[in-house]
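This report concerns only the one structure given below.
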Amino acid sequence: MYDKDHFEAGVWSCRYYQYNKWHGPYHLSLSFDHLTSKVSGQGIDDVGIFTIDGVFSSQTHRMDLIKTYERDTGNSNENIEHQVTLQLTWNSDHNQFEGKWFVRTNYFPIQLHKTCDLPADRSYIFGYHPHGIISLGAFCNFATEATGFEEKFPGIDLRLLTLKSNFRIPFFGFYLSLLGLCDASKESCNYILEKGNGNSLMLVLGGVKEILDARPSSEYILTLKNRKGFVKIGLAHGASIVPVFSFGENDLYEQLANPRGSKLRQLQVMLQKKTGYTIPFFKGRGIFQYAFGFLPNRRPIDTYVGEPIELPKLSREEITNEIIDKYHTQYMDALTRLFDAHKAKHGNKDATIKYVNADDY
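Here my numbering runs 1 ahead of the position in the sequence shown, where the first position is 1.
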């Protein structure tokens, strides 16, 4: 039974909200210790069978649970424990618990680090660096609740933006839409920021051209020198710009050497110009071996959200190249400070950033 003061063991129905849609209902077989308020049990969903441990609060009428899948990857040295935090609240209309899953995985792991508060009374343009091969840190941190963005930055409604052409790919574009992603066009940026305070967006500013420089190295090559459109959009809306840096993003894949001026680089640039897509020659790991494959290597990703740079709201006539250059320089300086402040914690105190133009081949 369930009422405002009691929760009893048994089979319970629940559904959860994720990726902009409701999933379920699923059934949980739960036991409850009245002395400690601890909940345990097991269940099954679309992923598989899982175990549950957590607590029930009679004050909030909510269960905070840890759901764990254990998967054998075929390698005796590597059992991946996939943990998910579930917050369930009783819905008397549906006669079931409802809530959100917060996905966490120890595969990499991925962690989101907050360096300061971001007030929800304004909008933000987050710049993500580096791009990496697939921008996995951007996706996990900012397109899902895997690392608790909503809890760390309450009131910020963030949309991750990606290439417009990605939405033309059958099924994949629909999947991106379900996750709340938008295309990285000026129209999308304006639409999001015009909605008011708290509505914010994230751009992977290096774009597809930065992919060609994504490899494990003590020198991070960032395509940012002449990427200034985000500053202009920020000035038009009075949105603050926020640097974000992910240590480990470039370490997930090895890439074939393609120095500027090489024949391989020239071929890749030509294909990018003709198709709009960058084609890196990379390797990760496989499911049962580590030598090659398309899966990312197990490397930690630590993402730091820096301090915002406040921009004035200016009319189109008031926005000049001098003003854009001023705040663009401030942004690069802030990104460098963020990088320098934390690089020693993540492998190389002598690591550096090199800023290049998008047209530097």
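Glycine residues also receive a C-beta, built at the ideal position from the N, C-alpha and C atoms.
Note that the structure is predicted; figures quoted are calculated from it, not measured.
Please classify residue i: is it buried, with 16 or more other beta-carbons within 10 angstroms of its beta-carbon, or exposed?
i: S32; result: exposed
i: P260; result: exposed
i: E211; result: buried
i: F340; result: buried
i: F143; result: buried
i: Q269; result: buried
i: A215; result: buried
i: A292; result: exposed
i: P301; result: exposed
i: I242; result: buried
i: G133; result: buried
With a CB to CB cut of under 7 angstroms and the five nearest residues on each side skipped, what residues in its chain are close to residue i?
i: L117; result: Going by the sequence as given, residue 117 is Cys instead of Leu. So the list reads E308, once near-sequence residues are dropped.
i: N200; result: S124, D158, I193 and L194
i: Y356; result: L223, L225, K226 and M333
i: A139; result: Y129, L161, M203 and V205
i: A121; result: P155, G156, I157, N198 and G199
i: G1; result: Nothing can be reported for residue 1: it is not among the residues displayed for the chain, which extend from 2 to 362.
i: F282; result: Q256 and L257
i: I280; result: Q269 and L272
i: T148; result: I111, Q112, L113, C141 and N142
i: P42; result: For the sequence presented, residue 42 should be read as Gly rather than Pro. Excluding positions up to five away in sequence, the list reads L29, S30, L31, S32 and I53.
Please report the distance separating the alpha-carbon of residue i from that of residue j.
i: K209; j: I50; result: Per the sequence shown, the amino acid found at residue 209 is Val instead of Lys. Cα to Cα, V209 sits roughly 39 angstroms from I50.
i: E318; j: L206; result: 25 angstroms
i: L177; j: L137; result: 14 angstroms
i: Q290; j: L296; result: 10 angstroms
i: D361; j: D184; result: 25 angstroms
i: L253; j: Y278; result: 20 angstroms
i: V56; j: T37; result: 8 angstroms
i: L257; j: K264; result: 12 angstroms
i: F168; j: P244; result: 26 angstroms
i: L336; j: K165; result: 26 angstroms
i: Q112; j: S218; result: 21 angstroms
i: L182; j: T163; result: 7 angstroms
i: H238; j: K327; result: 17 angstroms
i: K187; j: K39; result: 50 angstroms
i: H343; j: K275; result: 38 angstroms
i: D322; j: G294; result: Asp is not the amino acid found at residue 322; the sequence shown has Asn there. Approximately 45 angstroms between the Cα atoms of the pair.
i: H329; j: D34; result: 57 angstroms
i: V306; j: E151; result: 13 angstroms
i: I354; j: G25; result: 46 angstroms
i: V232; j: G287; result: 40 angstroms
i: A352; j: A359; result: 22 angstroms
i: R228; j: Q267; result: 21 angstroms
i: I325; j: I310; result: 13 angstroms
i: G230; j: T304; result: 23 angstroms
i: L338; j: K196; result: Looking at the sequence provided, one finds Arg at residue 338 rather than Leu. Approximately 31 angstroms, taken between the alpha carbons.
i: P171; j: L213; result: 25 angstroms
i: L119; j: I135; result: 27 angstroms
i: C446; j: F175; result: Not covered by the structure: residue 446. The range shown for the chain is 2 to 362.
Identify the residues that DSSP records as bridge partners of residue i: which are they?
i: G128; result: L204 and P244
i: C117; result: Its beta-bridge partners do not exist; DSSP assigns none.
i: K284; result: E255
i: F295; result: F295 is not bridged to any residue.
i: I50; result: I45
i: S32; result: S41
i: L223; result: Y356
i: I302; result: I111
i: Y27; result: C15
i: D184; result: T163
i: D158; result: N200
i: I310; result: I242
I'd like the list of long-range same chain contacts for residue i, defined as Cβ closer than 6 angstroms, with 5 residues on each side in sequence excluded.
i: S77; result: Residue confidence is low: S77 scores 40 on pLDDT, short of 50, so the model does not pin down where it sits. Its coordinate-derived value is still stated next. Taken in chain order, the list of residues that qualify is empty.
i: I234; result: C190
i: L236; result: L312, L315 and I320
i: Q331; result: I310
i: Y221; result: P131 and I354
Cβ-heavy atom distance between residue i and the ligand GDP below 6 angstroms?
i: A258; result: In terms of ligand content, the structure shown is empty, and the ligand GDP therefore cannot be addressed.
Give a yes or no on whether the minimum CB-CB distance between residue i and chain C is below 7 angstroms.
i: D341; result: Checking the listed chains, one finds no chain C in this structure; it contains a single protein chain.
Note down, in chain order, each residue of its chain lying with its Cβ closer than 8 angstroms to the Cβ of residue i, except the 5 sequence neighbours on either side.
i: F173; result: N167
i: K115; result: K153, F154 and V306
i: G285; result: L253, Y254, E255, F293, G294, F295, L296, P297 and N298
i: A240; result: R123, S124, Y125, I126, L194, S201, I234 and L312
i: G262; result: Y362
Are three or more beta carbon pairs between the stretch 341-349 and the stretch 246-263 nearer than 8 angstroms?
-> yes
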